[in-house]
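**Q** The structure follows.
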Amino acid sequence: RARSFATTQLQHEKVSALGKLAAGIAHEMNNPAAAINRISAELNKRSKQNYELTEELLKHNINPGLIRNIREIAQNKEDNRFAKTKFTPLQLIQKEDELNEWLNKKGSNGRNEMAETFAEAGFSPDDLEKIILDVPYDAFQNILDWFENLLSSELLIKDLENASDRITMLVGAIKSHVRMDRSGDLHSTNIHEDLENTLLLLGYKIRDKNIQVKKKFCEDMSEVDAYIGELNQVWTNIIDNAIYAVPQNGELEIETECDKKDITVSITDNGEGIPKEILSRVFDPFFTTKKVGEGTGIGLDIVKNVITRHNGEVKVNSIPGKTEFIIRIPVSQNIIKKE
34 RARSFATTQL QHEKVSALGK LAAGIAHEMN NPAAAINRIS AELNKRSKQN YELTEELLKH
94 NINPGLIRNI REIAQNKEDN RFAKTKFTPL QLIQKEDELN EWLNKKGSNG RNEMAETFAE
154 AGFSPDDLEK IILDVPYDAF QNILDWFENL LSSELLIKDL ENASDRITML VGAIKSHVRM
214 DRSGDLHSTN IHEDLENTLL LLGYKIRDKN IQVKKKFCED MSEVDAYIGE LNQVWTNIID
274 NAIYAVPQNG ELEIETECDK KDITVSITDN GEGIPKEILS RVFDPFFTTK KVGEGTGIGL
334 DIVKNVITRH NGEVKVNSIP GKTEFIIRIP VSQNIIKKE
């Protein structure tokens with residue numbers, strides 16, 4: 034009966050861990066998903082505008098060669114395009130002001146939106162002077178409208194790619210993190226990638242507390258033999274506990290050491306610390322320092338059992354203002370494993 038109860042509690046902890054990840058996934062997916070919806074609607078609007086603006090250009094009998102030249106100028110700016118990744122917000126505002134002044138002198142309509150797009154795409158007044166050099170006077174506004182729409186669409190497509198890449202990265206992290214240990218088999222895994230995935234999936238909690246995460250990863254880390262799903266639960270439990278323990282604007286440090294035989298992971302937080310009189314009990318089943326309803330008391334018991342199963346060891350050091358969990362596991366389990 035006791036064994037059955039312990040098994041039930043273990044399953045409860047696994048479900049609880051999945052719940053933490055599910056909440057994180059929902060938070061992390063929300064922003065890129067919302068961005069994709071917004072960008073799709075804006076691109077649809079821009080696409081319709083493109084037909085109208087192209088028709089207006091045709092009325093001026095614009096030379097196709099001129100259009101090609103404008104496209105080539107835009108292409109030559111490719112390396113400097115999407116300037117928001119290269120300029121500080123203040124620099125970007127200054128460039129928008131310069132463009133607004135230039136557009137104002139030229140008597141252009143819709144200056145604010147144009148200036149924002151041109152600045153974001155890395156264009157200066159001198160660049161635009163080259164573009165309009167051979168443009169008929171009566172087609173000046175039309176060519177600027179058309180060009181702004183073109184650049185804006187390309188910027189939106191880049192944003193769409195970034196949002197899509199973010200979702201792809203999250204899905205990859207989820208698939209990697211929540212792998213089931215099929216038939217009790219060992220598989221090779223990269224501890225650094227697993228730690229990064231854990232931080233990614235718990236990222237919303239880290240941001241909520243504005244926690245500064247410091248990573249000191251060793252170089253040339255070997256892949257280790259592991260029951261990957263179980264080992265990822267270790268990282269989830271310890272890092273989630275650290276997030277719970279630290280104050281607002283707290284600090285979390287993850288350091289790894291590696292050699293040919295062992296991998297050591299140290300996870301340190303600047304929370305209140307664990308009182309000396311109960312430090313020896315933190316790995317005991319059902320022991321918890323959390324409030325009622327906030328912890329089962331078996332998270333660290335699972336950590337200890339999983340690390341023991343990996344022929345490793347886990348220990349904790351704590352003083353007021355600093356708690357450190359140190360996990361050591363061997364690189365190889367010295368038994369046949371499946372890839």
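So the number in the numbering used here is just where the residue sits in the sequence shown, counting from 1, plus 33. C-beta: ideal position from N, C-alpha, C; glycine also.
1) By a C-beta neighbour count over all protein chains shown, 10 Å radius and 16 as the cutoff for buried, is D130 buried or exposed?
2) Starting from H225, trace the beta strand (DSSP E) in both directions and tell me its first and last residue.
3) Using a 10 Å radius around the Cβ and a threshold of 16 neighbouring Cβ atoms, would you call A25 buried or exposed?
4) Going by DSSP, which residues form a beta bridge with E290?
5) Roughly how far, in whole angstroms, is the beta-carbon of L219 from the beta-carbon of Q82, given that I think they are within contact range, below 8 Å?
6) Quick check on this structure: which residue in N243, I261, D253 and K248 has the alpha carbon closest to the alpha carbon of E288?
7) Only counting the same chain, and skipping five residues up and downstream in sequence, which positions put a Cβ closer than 8 Å to that of N282?
8) For the ligand NAD, is there any heavy atom lying closer than 6 Å to the beta carbon of N230?
9) Counting pairs of beta carbons, one from the segment 60 to 74 and one from the segment 195 to 207, are three or more of them closer than 8 Å?
10) Whose C-beta lies closer than 7 Å to the C-beta of P353 among residues of the same chain, with five residues either side of it excluded?
11) In angstroms, rounded to a whole number, what distance separates the CA positions of L90 and A148?
12) Where DSSP assigns a beta bridge to A259, which residues make up the other side?
13) Rounded to whole angstroms, what is the Cα-Cα separation between L193 and I164?
**A** In short:
1) Sequence index remark: in the sequence shown, residue 130 carries index 97 (1-based). Result: exposed.
2) Locating residue 225 in the sequence shown gives position 192, counting from the first residue. Unbroken run through H225 is the alpha helix (DSSP H), I224 to L234; no beta strand (DSSP E).
3) Missing from the structure shown is residue 25; the chain here goes from 34 to 372 and no further.
4) For the purposes of this step, residue 290 is taken as the residue at position 257 of the sequence shown. In the DSSP output, where bridge partners are listed per residue, E290 has T297.
5) Counted from its first residue, the sequence shown places residue 219 at position 186. Counted from its first residue, the sequence shown places residue 82 at position 49. Contact flag wrong, Cβ pair sits at about 57 Å.
6) Here residue 288 refers to the residue found at position 255 of the sequence shown. Comparing alpha carbon positions, the residue from N243, I261, D253 and K248 closest to E288 is K248.
7) Residue mapping note: residue 282 aligns to position 249 of the sequence shown, counting from 1. K242, N243, I244 and Q245, listed in sequence order.
8) Annotation note on the ligand NAD: not contained in the displayed structure, which lists no ligands.
9) yes
10) Numbered from its first residue, the sequence shown carries residue 353 at position 320. Apart from the 5 residues on each side of it in sequence, P353 sits with its Cβ closer than 7 Å to the Cβ of E305 and G306 in its chain, given in chain order.
11) Here the question's residue 90 lines up with position 57 in the sequence shown. Here the question's residue 148 lines up with position 115 in the sequence shown. Near 21 Å, if we compare the C-alpha coordinates of A148 and L90.
12) Here the question's residue 259 lines up with position 226 in the sequence shown. Paired residues: H220.
13) As a first step, residue 193 must be located in the sequence shown, where it is residue number 160. As a first step, residue 164 must be located in the sequence shown, where it is residue number 131. The straight-line gap from Cα to Cα measures roughly 27 Å.
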